[in-house]
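From first to last, the protein sequence lines stand for chains P and Y.
For the record, in the first sequence the residue sitting at position 131 is 480 according to the working numbering, with numbers rising by one throughout.
For the record, in the second sequence the residue sitting at position 254 is 273 according to the working numbering, with numbers rising by one throughout.
C-beta atoms are modelled at their ideal positions from N, C-alpha and C, and glycine is treated no differently.
All figures in this text were calculated on a predicted structure; none of them were measured in a lab.
Okay, structure first, notes after.
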Amino acid sequence: MSTIIAYFDSSHDFPEEIISAAGFVPYKILGDIHQTNEPADRYMPNFFCPAAKSWFTEAMARSSEWKGIIVAQGCNSTNRHFDIWKMHIDTPFLYWFNGPLKDDHVAAKFFKNEIRGLIKTLEDQFSCVISNENIREAISQSNAIKSRLQKLSSLRSERDITNREYLDVVINALQNEKNETITALDLAIRDWSNRAPFPAGKKKVLLTGSDITYREWMDTLDECDIRVVRDDLSIGERYFATLIPDNEDPIDSLVAYYLGVPKPATKPGIGKRIDYLMKVLRETECDGIISQNLKFCEPFAYDSVTVNNTLKDHHYKLIHFEREFTPVTDHQMMNRLTAFTETL
Amino acid sequence: MNTRNDNHTKENRSGQEDVRVRVLPHAGDLKSVMLYYLIKGKLAVKLPWKKTAWTCAGFPVEFLWAYDLFPLHPENMSTVAAARKQSLWLIEHTESQGYSRDLCSYCKTSMGAYDTGIKTTLGGIDKPDLITCTNTICDTHWKWFQIMAHKLDVPFYMFDIPKWVSGLSEKRIEADIDYIVEQFYDFADFMQKTFGKKLSERKMKKTLKLSTELTDLWREIYEGRKAIPSPYSAAETSASFFPLVVLPGKKIGVKFYKKILGDIQLHVAEKKGTLPEGKEQFRLLFEGIPFWYRMRFMFDLAKYGAVVTYEPYTYSFSPPKPSPDLPIDEAFRAVAKIMMDLPYSYNLERRIEYFEKVIDEYHIDGVILHENMSCRPSSAGMIDLKDAIQRDKNIPVLILQCDMNDPRAFSEGPIMTRVESFIELMRENKK
Numbered sequence: 350m351s352t353i354i355a356y357f358d359s360s361h362d363f364p365e366e367i368i369s370a371a372g373f374v375p376y377k378i379l380g381d382i383h384q385t386n387e388p389a390d391r392y393m394p395n396f397f398c399p400a401a402k403s404w405f406t407e408a409m410a411r412s413s414e415w416k417g418i419i420v421a422q423g424c425n426s427t428n429r430h431f432d433i434w435k436m437h438i439d440t441p442f443l444y445w446f447n448g449p450l451k452d453d454h455v456a457a458k459f460f461k462n463e464i465r466g467l468i469k470t471l472e473d474q475f476s477c478v479i480s481n482e483n484i485r486e487a488i489s490q491s492n493a494i495k496s497r498l499q500k501l502s503s504l505r506s507e508r509d510i511t512n513r514e515y516l517d518v519v520i521n522a523l524q525n526e527k528n529e530t531i532t533a534l535d536l537a538i539r540d541w542s543n544r545a546p547f548p549a550g551k552k553k554v555l556l557t558g559s560d561i562t563y564r565e566w567m568d569t570l571d572e573c574d575i576r577v578v579r580d581d582l583s584i585g586e587r588y589f590a591t592l593i594p595d596n597e598d599p600i601d602s603l604v605a606y607y608l609g610v611p612k613p614a615t616k617p618g619i620g621k622r623i624d625y626l627m628k629v630l631r632e633t634e635c636d637g638i639i640s641q642n643l644k645f646c647e648p649f650a651y652d653s654v655t656v657n658n659t660l661k662d663h664h665y666k667l668i669h670f671e672r673e674f675t676p677v678t679d680h681q682m683m684n685r686l687t688a689f690t691e692t693l
Numbered sequence: 020m021n022t023r024n025d026n027h028t029k030e031n032r033s034g035q036e037d038v039r040v041r042v043l044p045h046a047g048d049l050k051s052v053m054l055y056y057l058i059k060g061k062l063a064v065k066l067p068w069k070k071t072a073w074t075c076a077g078f079p080v081e082f083l084w085a086y087d088l089f090p091l092h093p094e095n096m097s098t099v100a101a102a103r104k105q106s107l108w109l110i111e112h113t114e115s116q117g118y119s120r121d122l123c124s125y126c127k128t129s130m131g132a133y134d135t136g137i138k139t140t141l142g143g144i145d146k147p148d149l150i151t152c153t154n155t156i157c158d159t160h161w162k163w164f165q166i167m168a169h170k171l172d173v174p175f176y177m178f179d180i181p182k183w184v185s186g187l188s189e190k191r192i193e194a195d196i197d198y199i200v201e202q203f204y205d206f207a208d209f210m211q212k213t214f215g216k217k218l219s220e221r222k223m224k225k226t227l228k229l230s231t232e233l234t235d236l237w238r239e240i241y242e243g244r245k246a247i248p249s250p251y252s253a254a255e256t257s258a259s260f261f262p263l264v265v266l267p268g269k270k271i272g273v274k275f276y277k278k279i280l281g282d283i284q285l286h287v288a289e290k291k292g293t294l295p296e297g298k299e300q301f302r303l304l305f306e307g308i309p310f311w312y313r314m315r316f317m318f319d320l321a322k323y324g325a326v327v328t329y330e331p332y333t334y335s336f337s338p339p340k341p342s343p344d345l346p347i348d349e350a351f352r353a354v355a356k357i358m359m360d361l362p363y364s365y366n367l368e369r370r371i372e373y374f375e376k377v378i379d380e381y382h383i384d385g386v387i388l389h390e391n392m393s394c395r396p397s398s399a400g401m402i403d404l405k406d407a408i409q410r411d412k413n414i415p416v417l418i419l420q421c422d423m424n425d426p427r428a429f430s431e432g433p434i435m436t437r438v439e440s441f442i443e444l445m446r447e448n449k450k
């Protein structure tokens, strides 16, 4: 019997710990690049985010394997796609989680109320009890994963760790059972710690922009002798950059954590986003910055000019480009990336 | 050979008889309303004791008037730029700075207009003292305004409006309203701290009273559009809804709409339509933002005997406003609910219900859905909307993929070919 509750989160906004506290496995829907988006094309125009379409396609194909689906407010895609999901995805439970865009005290109060509403709904729907103790346990488990991912992430600039391997551990953490994830991460730490030193021929870069949901794109970077040693992606460091604090009320802990994660472009605070990137660059010496935008990903496309110009003003070498949603190697892009590495 | 010439010739290139759209006698008064706004805006920018704020669609402009902040409207000025054939080079200017072709053409027009400093009459916009916005309509609004606030080093305030998705419970809607109302009070604190301005309840009530009058008049105008033949079409409303955008709370808009309503009532009584007698064959609903650079499209429909008699877009700006007699907290709750509940941003289930009601009430023969590449939120769900209307109302629906401000997306030949096929479908359907 399925124990999975899947969720649609265009950034890192959804408190998956509540699903864990309810006794289910949270599974972040990330689509499958190898499946055509034709099922989604039936309901969505050709100028919509292809990643969001891929998530819809995955949900159409796999919803029967899940207990239910939660869609968290994120970007225009999440907000307006919910109605299409409601009409076409066959699931016994589809829930809208309305997280705030802002992070001030008014937003915090609203967010807390939304989390309480989610808890009550899950309890009613699945006849379970989500106690404060359950939530604390889920937070502790979540922090155990995040701290291990922090360790693994830090090894990227020291050891020979491929881009794909890094993306794999993060995706697994977002989609697999949490205790199994902790065990797998411990093994990875042992493995990665004993790897050869960072390869001499590779360049160290900071990766920013739209999320990367498929491994092939990370392989392309490796083929161009680029190693991502830092990032601010939601399927990346944003997921584990900070730990969930230990407040008296565990819901307050979640509110403080989720409103405080490094800003994605889907949330107001472009200044905070720039500050975070600058902090990352001070922490880790990078040869350059890759700013990439998935075709039709509006939030990051808007940010990119201001963010990139600021980074360039600080004399960082940066390349920006738009990429298609495809596992196929783009040789034109590889040419650009190779030329970029030669300037580093 | 006949040539297309502002609908004056008897037959056009495609062999259709050209038909002149008859505008209302007071239609021209709109110019003085626009001039009033532009001149007052310039004065507000120049006079050192006056303050201005940028704002966007979906934002309760009444708040700004109540704070004595003059609302400058980048989005509205973008439409002016397009109508004056300036949007293309402004968009290209912004794209040359690094902005993607896939981003909102209003935003790129406006950024270009500010950057190049073009005249206000061509769609230019001045630097404000404050930038306000909301995500009621889309995320683009706050992304765009945040970037400009960062660039211009101007204070920024946004109202975060939770989404009223399909199936949301009343209890959750009330909680969402609580959140919005708390932001209204937070905005009051922000205004006090930033500009030393206090909200005057008296001024707010006065503004709401005039705003109520304005929106009530617009809805009465829409009632008049139910008449057959239709006395007022999108060829005119696409411009005349302007006072609803920036002048709710000002007498000049009310005066203008009273004259328009008077014209409509007279024409309805005389059974005069916007097309010459006997020419109205198809009544259309047009969903989405018009092609501002190609407003002739609305006039071109006349040659097929088609009249756009309803646009959810222009209707969206006229929700029933709260009574000025309500205590301020209740008035705030009503305004908050309006912000969540604009027809332009209805969820899919409500959108289908709303459209089907309008189709019946306005005797609609066909629907054009503008799948706007610059407005993904409004384009989401359009395919399901089309399927539902065709299934439930048995009328043709045409989805036109285009753009509101970027003329590169408008390809006359293919678009008019599709329109002609749509007209033929309606003709067959009416037999």
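Check for me: the alpha helix (DSSP H) holding residue 224 (chain Y) runs from which residue to which? Note, residue 224 (chain Y): alpha helix (DSSP H), 220-243.
Quick one: Cα of residue 68 (chain Y) to Cα of residue 61 (chain Y), how far? C-alpha separation (whole angstroms): 13 Å.
Report back the beta-carbon spacing between residue 43 (chain Y) and residue 334 (chain Y) to the nearest angstrom; my notes put them in contact at under 8 Å. Rounded, the Cβ-Cβ distance is 18 Å, inconsistent with contact.
Select from P:376, P:402, P:363, P:398 the residue whose C-alpha is nearest the C-alpha of residue 387 (chain P). Relative to residue 387 (chain P), the option among P:376, P:402, P:363, P:398 whose CA is nearest is P:402.
Check the Cβ of residue 679 (chain P) against every Cβ in chain Y and list those closer than 8 Å, keeping chain order. Within 8 Å Cβ-Cβ: nothing; residue 679 (chain P) doesn't reach chain Y, min ~17 Å.
Go ahead and pull the three-state DSSP assignment for residue 591 (chain P). Residue 591 (chain P) falls in the coil class under three-state DSSP.
Chain P within 7 Å of residue 400 (chain Y), Cβ atoms only: A Cβ of chain P is located within less than 7 Å of the beta carbon of residue 400 (chain Y).
Classify residue 557 (chain P): buried if its beta carbon has 16 or more other beta carbons within 10 angstroms, exposed otherwise. Per the 10 Å Cβ criterion, buried.
For residue 640 (chain P), write down the residues that DSSP places opposite it in a beta bridge. Within the DSSP secondary-structure output, residue 640 (chain P) pairs in a beta bridge with P:557, P:669.
When P:666, P:527, P:570 are compared against residue 637 (chain P), the one with the closest alpha-carbon: Distances from the CA of residue 637 (chain P) to each of P:666, P:527, P:570 were compared; the closest alpha carbon is that of P:666.
Rounded straight-line distance, which links the Cα of residue 389 (chain Y) to that of residue 11 (chain Y): As displayed, chain Y neither begins before 20 nor continues past 450, which places residue 11 (chain Y) out of reach and without an answer.
When the distance is taken between beta carbons, is residue 656 (chain P) closer than 7 Å to residue 361 (chain P)? The answer is no: Cβ separation not under 7 Å.
Check each residue of the stretch 60-82 of chain Y: if its Cβ is closer than 9 Å to any Cβ of chain P, include it; give the result in chain order. So the list is empty, because no residue satisfies the distance condition.
Give the single residue among P:392, P:382, P:409 whose Cα lies nearest to the Cα of residue 404 (chain Y). Taking the Cα of residue 404 (chain Y) as reference, the smallest distance to any Cα among P:392, P:382, P:409 is reached at P:392.
Mapping the DSSP letters down to three states, classify residue 332 (chain Y) as helix, strand or coil. Reduced to three states, the DSSP call for residue 332 (chain Y) is helix.
Give, in chain order, every unbroken run of the alpha helix (DSSP H) that is at least 4 residues long and sits entirely within the stretch 272-329 of chain Y. If we require 4 residues or more, the alpha helix (DSSP H) runs fully inside the stretch 272-329 of chain Y come out as 315-319.
Interface flag, residue 118 (chain Y) vs chain P, CB-CB below 7 Å: It does; some Cβ of chain P falls within 7 Å.
Simplified DSSP assignment, three categories, for residue 126 (chain Y): Reduced to three states, the DSSP call for residue 126 (chain Y) is helix.
Short CB-CB distance (under 7 Å) between residue 566 (chain P) and chain Y: Any Cβ of chain Y closer than 7 Å to the Cβ of residue 566 (chain P) would place that residue at the interface, and such an atom is absent.
Please list, in chain order, all residues of the same chain as residue 13 (chain Y) whose beta carbon is under 7 Å from its beta carbon, the five residues on each side excluded. In the structure as shown, chain Y starts at 20 and stops at 450, and residue 13 (chain Y) therefore has no counterpart that could be examined.
Measure the CB-CB distance between residue 162 (chain Y) and residue 651 (chain P) and report whether it falls below 7 Å. The answer is yes: Cβ separation under 7 Å.
If we cut at 7 Å on Cβ distances, does residue 21 (chain Y) have a partner in chain P? For residue 21 (chain Y), the predicted model reports a pLDDT of 35, less than 50, meaning its position is unreliable; a value from the coordinates is still stated below. Judged by the 7 Å Cβ criterion, residue 21 (chain Y) is not in contact with chain P.
Between residue 693 (chain P) and residue 197 (chain Y), what straight-line distance do the alpha-carbon atoms span, to the nearest angstrom? The C-alpha of residue 693 (chain P) lies about 52 Å from the C-alpha of residue 197 (chain Y).
Where residue 700 (chain P) falls: helix, strand or coil (DSSP): Residue 700 (chain P) is absent from the structure shown; chain P starts at 350 and stops at 693.
Based on the DSSP output, what are the partners of residue 389 (chain Y) in its beta bridges? Residue 389 (chain Y) is bridged to Y:419.
Beta-carbon contacts of residue 507 (chain P) that lie in its chain and below 8 Å, excluding the five residues immediately before and after: Around residue 507 (chain P): 546, 547.
Residues bridged to residue 152 (chain Y) (per DSSP): DSSP, once it has assigned bridges, lists Y:177 as partnering residue 152 (chain Y).
If you drop the 5 nearest sequence neighbours on each side, which residues of the same chain put their C-beta closer than 6 Å to that of residue 407 (chain Y)? Same-chain partners within the cutoff: 371.
Any chain Y beta carbon closer than 7 Å to residue 406 (chain P): Not an interface residue.
Anticipated Cβ contact below 8 Å, residue 173 (chain Y) with residue 150 (chain Y), distance rounded: Indeed, because the Cβ distance is near 5 Å, the residues count as touching under 8 Å.
Using a beta-carbon distance below 7 Å, is residue 386 (chain P) in contact with chain Y? Residue-level contact check: residue 386 (chain P) does not touch chain Y, since none of the beta carbons of chain Y fall below 7 Å from its beta carbon.
Which two residues bound the contiguous beta strand (DSSP E) that contains residue 687 (chain P)? First-last for residue 687 (chain P): 680-692, but that is the alpha helix (DSSP H), not the beta strand (DSSP E).
Coarse secondary structure for residue 71 (chain Y), derived from DSSP in three states: Assigned with DSSP and collapsed to three states, residue 71 (chain Y) falls in strand.
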